[in-house]
Amino acid sequence: MEEIVVIGGGQAGAQAIISLRQLGFEGKVTLICGEKQLPYQRPPLSKAFLKGELAEERLYFRPSDFYDKQNVRVLTGVLAKKIDREVQAIELSNGETVSYTKLLLATGAPPRKLPFEHDNLTNVHYLRTLEDSENLSPALSSEGRVIVIGAGYIGLEVAAVACAAGREVTVLELADRVLARVASEPVSHFYQDLHKDAGVDLRLDSAVESFDIDDNQIKSVKLTNGTVLECATVLVGIGATPETKLAEEAGLEIDNGIVVDEHTQTSVPNIWAAGDCSNFPYPRYGRRVRLESVPNAIEQAKVTAANMLGDKKVHNALPWFWSDQYDVKLQTVGLMQGFDDLILRGKPENKSFSVWYFKEGKLLAVDALNDAPSFMVAKKLLSTETNITPEQAKDTEFNLKLLF
Ligand SMILES: Cc1cc2nc3c(=O)[nH]c(=O)nc-3n(C[C@H](O)[C@H](O)[C@H](O)COP(=O)(O)OP(=O)(O)OC[C@H]3O[C@@H](n4cnc5c(N)ncnc54)[C@H](O)[C@@H]3O)c2cc1C
623 MEEIVVIGGG QAGAQAIISL RQLGFEGKVT LICGEKQLPY QRPPLSKAFL KGELAEERLY
683 FRPSDFYDKQ NVRVLTGVLA KKIDREVQAI ELSNGETVSY TKLLLATGAP PRKLPFEHDN
743 LTNVHYLRTL EDSENLSPAL SSEGRVIVIG AGYIGLEVAA VACAAGREVT VLELADRVLA
803 RVASEPVSHF YQDLHKDAGV DLRLDSAVES FDIDDNQIKS VKLTNGTVLE CATVLVGIGA
863 TPETKLAEEA GLEIDNGIVV DEHTQTSVPN IWAAGDCSNF PYPRYGRRVR LESVPNAIEQ
923 AKVTAANMLG DKKVHNALPW FWSDQYDVKL QTVGLMQGFD DLILRGKPEN KSFSVWYFKE
983 GKLLAVDALN DAPSFMVAKK LLSTETNITP EQAKDTEFNL KLLF
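Numbering-wise (the numbering used here), the sequence shown opens with residue 623 and increments by one.
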């Protein structure tokens, strides 16, 4: 009998088992969750859940009886320690061994850590798990300065929550603009103004030289320009690294993630990988990518489930993402890297605008800020491969809906 094992009970792992059953797979399914909870969603951990506006129950994808009804064996708080490809079995941290005929790796991408000599610093936070968010939440409503290291989406979302809670917040960013890796200059500049107007002390081109540590806490941060900033809480948001250890030790090909082909299969025939941990060829963009986003994890897991059952689907879904900071919702569709022209529609000062990215006259991506209609149109244009010219995008009188 077929035995499918999924390692990693996050967004991709949970979607894969849901899809396997929806597609009619009747064999054995085991989901190995390193975390002690049933699969849950992460985006609210830096947004509504961190603010205390969303109950824990709302984080879970499915109630616990769902897994029983679907006849899925879920092992929570158990880590896969080793994949033995010879005998097709996985050694677990609880001493058990589970065998598989097909295996999915959905191990995600944990936060990159500061190069510390000190462990157990009680006021230093990373944000990935439910516990991380639960630990950070009270720290954001107590006294003293919050220092956020890294102005990526997670760092900025936490800064917005802390600032709205009345905390003194300093954001330190190595680059000369926020979101430098993922956003264009107009979007970065918009967010810089948004945070500064809210009262955040935003320091660009700022590198940390050292920390003053006492009593297992960082008391102050010294920057390379000599500035010393006292603090009560530190949130580190300096990116994530794909979790590839198991795969690497099992001899799978690794290159910024677990390398998969267009059918999400790894370099070993009966092992697949999906979600943040996987590096895949993207026909839509003609290059390999590794994405850290919910929609990608969901779509890739659906394709993977079908392929594990013998299909030959290609993962080529349109990428999209969102971020909530203060009263601004960013919705982005497509990948803007490589653009040679950008068009601004609307006015950033009105906190509602969109940025349209083109390469050689072809639409690549759109960032929509408090502009859901533009996001919807862009999504439709990109998914139906209907082009819009830069001139049409520039003309705010032009009714985008006429394109369909
Ligand atoms: C705070 C935060 C906010 C975010 N906000 C957004 C957002 O607004 N929009 C968006 O699109 N995306 C957002 N993301 C990203 C999104 O959550 C991820 O892209 C998505 O969760 C990826 O799913 P995944 O299944 O690949 O990995 P994950 O959801 O990270 O799951 C991987 C799981 O594998 C487990 N695991 C790893 N190794 C083992 C092992 N050896 N044995 C057993 N289990 C193991 C891990 O413990 C983890 O539970 C956010 C992420 C975070 C952390």
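We put the CB at the ideal spot given by N, CA and C, even for glycine.
Buried or exposed by the 16-neighbour rule on C-beta atoms within 10 Å, applied to G632: Here residue 632 is taken as the residue at index 10 of the sequence shown, counted from 1. The residue is buried, with at least 16 neighbouring Cβ atoms inside 10 Å.
Contiguous alpha helix (DSSP H) assignments of at least 4 residues, all confined to the segment 786 to 832: 807 to 820
Span of the beta strand (DSSP E), counted from its first residue to its last, around L697: On the sequence shown, position 75 is the one that residue 697 refers to. Here the beta strand (DSSP E) through L697 covers V694 to T698.
Contact belief for L727 with V720 at Cβ below 8 Å, rounded distance in angstroms: By 1-based counting over the sequence shown, the position of residue 727 is 105. By 1-based counting over the sequence shown, the position of residue 720 is 98. Between V720 and L727 the Cβ distance is about 14 Å, and since that is not below 8 Å, they are no contact.
Outcome for D993 when other beta-carbon atoms lying within 10 angstroms are tallied against a minimum of 16: Against the sequence shown, residue 993 aligns to sequence position 371. It is buried - the Cβ of D993 has at least 16 other Cβ atoms within 10 Å.
Where the alpha helix (DSSP H) containing G635 begins and where it ends: Along the sequence shown, one-based indexing puts residue 635 at 13. Unbroken alpha helix (DSSP H) run through G635: Q633 to Q644.
Residue nearest to C785 in terms of C-alpha spacing, selected from L672, S806, A802 and G699: Translated into positions along the sequence shown, residue 785 becomes position 163. Of the candidates L672, S806, A802 and G699, the one whose C-alpha sits nearest the C-alpha of C785 is L672.
7 Å Cβ cutoff met for L681 and Q663: Working through the sequence shown from its first residue, we reach residue 681 at position 59. Working through the sequence shown from its first residue, we reach residue 663 at position 41. It is a contact, given that the beta carbons lie within the stated cut-off.
7 Å CB neighbourhood of E852 in its chain, flanking five on each side removed: Within the sequence shown, residue 852 is the residue found at index 230, counting from 1. Closer than 7 Å at Cβ, skipping near neighbours: R767, K841 and S842.
Cβ pair count under 8 Å reaching 3, the segment 858 to 875 against the segment 727 to 736: yes
For H885 and N929, the rounded distance between their alpha carbons: Within the sequence shown, the letter at position 307 stands for residue 929. Within the sequence shown, the letter at position 263 stands for residue 885. About 7 Å.
Spatial neighbours of E914 in its chain, beta-carbon cut-off 8 Å, leaving aside the 5 residues before and after: On the sequence shown, residue 914 is found 292 positions in, with the first residue counted as 1. Closer than 8 Å at Cβ, skipping near neighbours: A731, A862 and D898.
Range covered by the alpha helix (DSSP H) that runs through N757: Taking the sequence shown and counting its residues from 1, the one referred to as residue 757 is at position 135. Here the alpha helix (DSSP H) through N757 covers L752 to A761.
Residue closest to Q1014, alpha-carbon to alpha-carbon, out of D989, V709, F980 and G873: One-based indexing of the sequence shown puts residue 1014 at position 392. Nearest of D989, V709, F980 and G873 to Q1014, Cα basis: F980.
Bridge partner(s) assigned by DSSP for R967: Counting from 1 along the sequence shown, the entry for residue 967 is found at position 345. S976, per the DSSP bridge assignment.
D741 CB to nearest heavy atom of ligand 1 below 6 Å: Residue numbering aside, residue 741 sits at position 119 when the sequence shown is read from its first letter. No.
7 Å Cβ cutoff met for V977 and L966: As a working note, residue 977 is residue 355 in the sequence shown. As a working note, residue 966 is residue 344 in the sequence shown. Cβ atoms of V977 and L966: closer than 7 Å.
Continuous alpha helix (DSSP H) assignments of at least 4 residues falling wholly in the segment 848 to 935: 867 to 871 and 916 to 930
Cross-strand partners of H747 (DSSP beta bridge): Residue mapping note: residue 747 aligns to position 125 of the sequence shown, counting from 1. Answer is L857.
Bounding residues of the beta strand (DSSP E) (the contiguous stretch that carries L845): Here residue 845 refers to the residue found at position 223 of the sequence shown. L845 -> beta strand (DSSP E) spans Q839 to L845.
Counted within 10 angstroms of its Cβ, other Cβ atoms place S810 as buried (16 or more) or exposed: As a working mapping, residue 810 is identified with position 188 in the sequence shown. With 16 or more other Cβ atoms within 10 Å, it is buried.
Where P783 falls, given that 16 or more other Cβ within 10 Å makes a residue buried: Position 161 of the sequence shown, counted from the first residue, corresponds to residue 783. Before going further, note that residue 783 is Val rather than Pro in the sequence given. That one is buried.
Spatial distance of S686 from D834 (CA atoms): Translated into positions along the sequence shown, residue 686 becomes position 64. Translated into positions along the sequence shown, residue 834 becomes position 212. Those two C-alpha atoms are separated by around 45 Å.
Y775, DSSP secondary structure in three states: Taking the sequence shown and counting its residues from 1, the one referred to as residue 775 is at position 153. Note: Y775 maps to helix in three-state DSSP.
CA nearest to the CA of V700, picked from S806, Q692, N716 and F1026: Your numbering for residue 700 matches position 78 in the sequence shown. Among S806, Q692, N716 and F1026, the Cα nearest to that of V700 is on N716.
Three-state class that DSSP yields for Y662 in the structure shown: Your numbering for residue 662 matches position 40 in the sequence shown. Of the three classes helix, strand and coil, the one that applies to Y662 here is strand, per DSSP.
Distance CB(T792)-CB(I769) smaller than 7 Å: Mapped onto the sequence shown, residue 792 falls at position 170. Mapped onto the sequence shown, residue 769 falls at position 147. The answer is yes: Cβ separation under 7 Å.
First and last residue of the uninterrupted beta strand (DSSP E) at A1015: Your numbering for residue 1015 matches position 393 in the sequence shown. Premise fails: A1015 lies in the alpha helix (DSSP H), P1012 to K1016, not in any beta strand (DSSP E).
Residue nearest to K1016 in terms of C-alpha spacing, selected from K1002, K969, L642 and Y907: Sequence index remark: in the sequence shown, residue 1016 carries index 394 (1-based). Among K1002, K969, L642 and Y907, the Cα nearest to that of K1016 is on K969.
Beta strand (DSSP E) segment containing A711, residue limits: Mapped onto the sequence shown, residue 711 falls at position 89. Here the beta strand (DSSP E) through A711 covers A711 to L714.
Near ligand 1: F812 beta-carbon under 6 Å from a heavy atom: Here residue 812 refers to the residue found at position 190 of the sequence shown. No - ligand 1 has no heavy atom lying nearer than 6 Å to the Cβ of F812.
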